[in-house]
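Student: Quick one: the structure is below, questions incoming.
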Amino acid sequence: MNIFIKNSGGEPIYEQIYAQIKLAIISGELKTDELLPSIRNLAKDLRVSVITTKRAYEELERDGYIYTSPGKGCFVSKQNIQLRREESLQKIEEHLRLAHEIARTSGISRDELLEIFELMGEE
Amino acid sequence: MKNAIEITGLTKKYKSFTLDNISLSLPSGCVMGLIGENGAGKSTIIKLIFNTIKRDSGEIKVLGRDNRDRFEQVKQDVGVVLDEACFPDCVKLRDIDAIMRNIYKSWSKKQFDSYCEKFSLPRDKKFKSFSRGMKMKTSIAVALSHGAKLLVLDEATSGLDPIIRDEILDIFNEFTRDEEHSILVSSHIISDLEKICDYIAFIHKGKLKFCEEKDALLERYWVIHCGEEAFRALPHNRIAGYKKSKYEVEALITDGAMPNGILAERPSIEDIMLFMSRGDK
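Written as structure tokens, this is what we have:
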């Protein structure tokens, strides 16, 4: 698993760690019941504060991506991939509907909208 | 043991300077950065921790023990690096090894040698011909070679080049991989320590401005750039410090609703320190 930390850009470090571990879990790179690095070792390897990695793990646990086994460490929870996918699709639909609504009420054509979307993919 | 260092109500009065009622604690396994301008009282605190100067009042516990109670035993478990490395001019590394072997019960020649190797310190040269960086590295090698649980560094990285500072940072990082190991590091160059610190304590003119988790601290503030008018419209209690220039006002404000059209960015620890010390002028 790769974790990249950006110091500039304003996104809190714990969120960056959260997002990247979450992605590794959803993509299946981290398998169910796989042991995650300890909070302390991860902090030292990333050269960040222990409190930062602790917070990332706490949020991952709260959102059901990992579980803690006292004295043993943190592990990847069993993921309902189908459900997660469904959730993501729903979120995407919501946002796209909003974009569509904005375009419609300001006279921006469907083609222009699609063009924006095409350009995003190239970034 | 919960706290590696625990200071309560520490006061020390000098003719023209008072260290005023300082209370702070460094939890075991953590790194605390003690920051503040020159003459703020950082070194006074460190001297008081080692009981080398007399306090007027207050309590200090180091590794769970009052530092007036058989402190020489506790010192065995504490590594110290001061801003000047104080070894006699004529000694070589093997002499330092011989001296330290007689001071520290758990001195490890092997560890000392490996640090000297790692830092590429010259074996055949006398201490006086060492560069500042080499002297500092020698001090750090000594501090890490007697099984210390607590490392206290006073301006240890100032005057060193970025490459050496980075190497030293790596070493601190490795040191605290053990959850019983803690570090107190004082500095006025904080940018490179910012990442590894868990806690930041800010001393200003002898007073403790704050001592708290770095993450929480960084999330509490914004630096904004705005015009005079927008600045005056801000609630007064949200302004922690500001700087006016001809074309804009720069201010450190606490988190909350942001007025429209104001450019806001997250501060660094250095920003917070600068704004706060400017605030009371």
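Protein chains in written order, with the numbering used here: chain L, 1 to 123; chain W, 1001 to 1281.
Backbone N, C-alpha and C fix where the C-beta goes; we use that ideal spot for every residue, glycine too.
E1084/W: which of T1008/W, S1158/W, Y1014/W sits nearest, CA to CA?
Tutor: The residue given as residue 1084/W occupies position 84 in the second sequence. Taking only the C-alpha atoms, the option nearest E1084/W is S1158/W.
Student: Measure from the alpha carbon of S1182/W to the alpha carbon of each residue in K91/L, D63/L, E87/L, V50/L, then state which is nearest.
Tutor: The sequence position of residue 1182/W within the second sequence is 182, counting from 1. That would be V50/L, whose Cα lies nearest to the Cα of S1182/W.
Student: To which residues does DSSP link W1222/W through a beta bridge?
Tutor: Counting from one through the second sequence, the residue named residue 1222/W turns up at place 222. Bridge partners of W1222/W: I1253/W.
Student: Which residues, taken in chain order from the segment 1010-1033 of chain W, show a beta carbon closer than 9 Å to some beta carbon of chain L?
Tutor: The segment 1010-1033 of chain W vs chain L, Cβ under 9 Å: G1029, C1030, V1031.
Student: Please report the straight-line C-alpha distance between E1265/W and E1250/W, rounded to a whole angstrom.
Tutor: What you label residue 1265/W is simply residue 265 of the second sequence in a count that begins at 1. What you label residue 1250/W is simply residue 250 of the second sequence in a count that begins at 1. E1265/W and E1250/W: Cα-Cα distance of roughly 11 Å.
Student: State yes or no: is the beta carbon of D1056/W nearer than 9 Å to at least one beta carbon in chain L?
Tutor: Within the second sequence, the letter at position 56 stands for residue 1056/W. No, D1056/W lies away from the interface with chain L (no Cβ there is under 9 Å from its Cβ).
Student: Where L1153/W and I1164/W are concerned, what is the direct C-alpha to C-alpha distance, given to the nearest angstrom?
Tutor: The sequence position of residue 1153/W within the second sequence is 153, counting from 1. The sequence position of residue 1164/W within the second sequence is 164, counting from 1. Their Cα atoms are separated by approximately 15 Å.
Student: Taking DSSP's pairing of strands, which residues face S1013/W in a bridge?
Tutor: The residue given as residue 1013/W occupies position 13 in the second sequence. For the record, residue 1013/W in the displayed sequence is Lys; it is not Ser. Bridge partners of K1013/W: T1018/W.
Student: Is it the case that the segment 34-54 of chain L contacts the segment 1213-1221 of chain W, given that we only count it when at least three CB pairs across the two stretches are under 8 Å?
Tutor: The segment 1213-1221 of chain W is in contact with the segment 34-54 of chain L.
Student: Mind checking K1090/W: buried by the 16 CB within 10 Å criterion, or exposed?
Tutor: What you label residue 1090/W is simply residue 90 of the second sequence in a count that begins at 1. It should be pointed out that residue 1090/W corresponds to Cys in this sequence rather than to Lys. Counting Cβ neighbours within 10 Å, C1090/W comes out exposed, since fewer than 16 surround it.
Student: When the cut-off is 9 Å and only beta carbons count, does K44/L lie next to chain W?
Tutor: Against the first sequence, residue 44/L aligns to sequence position 44. True, the Cβ-Cβ gap to chain W drops below 9 Å.
Student: Looking at C-alpha atoms only, which residue of K1105/W, L1019/W, D1113/W is the closest neighbour of D1095/W?
Tutor: Within the second sequence, the letter at position 95 stands for residue 1095/W. Among K1105/W, L1019/W, D1113/W, the Cα nearest to that of D1095/W is on D1113/W.
Student: Assign C74/L to one of three DSSP states: helix, strand, or coil.
Tutor: Numbered from its first residue, the first sequence carries residue 74/L at position 74. Three-state DSSP puts C74/L in a strand.
Student: Assuming the contact rule is C-beta atoms closer than 8 Å, R1220/W and T1254/W should be a hit. Round their C-beta distance to whole Å, please.
Tutor: Here residue 1220/W is taken as the residue at index 220 of the second sequence, counted from 1. Here residue 1254/W is taken as the residue at index 254 of the second sequence, counted from 1. Right, their Cβ atoms sit about 6 Å apart.
Student: For E29/L, which of V76/L, E118/L, S109/L has the nearest alpha-carbon?
Tutor: Within the first sequence, the letter at position 29 stands for residue 29/L. The candidate whose alpha carbon is nearest that of E29/L is V76/L.
Student: Measure the alpha-carbon distance for K72/L versus P37/L and round it to whole angstroms.
Tutor: Indexing the first sequence from 1 puts residue 72/L at position 72. Indexing the first sequence from 1 puts residue 37/L at position 37. If I take the Cα positions, the gap works out to 11 Å.
Student: Once DSSP output is grouped into helix, strand and coil, what is the label at V1078/W?
Tutor: One-based indexing of the second sequence puts residue 1078/W at position 78. Strand.
Student: Taking the beta strand (DSSP E) that F1210/W belongs to, which residues open and close that run?
Tutor: For the purposes of this step, residue 1210/W is taken as residue 210 along the second sequence, with counting starting at 1. Counting along the chain, the beta strand (DSSP E) containing F1210/W begins and ends at 1207-1213.
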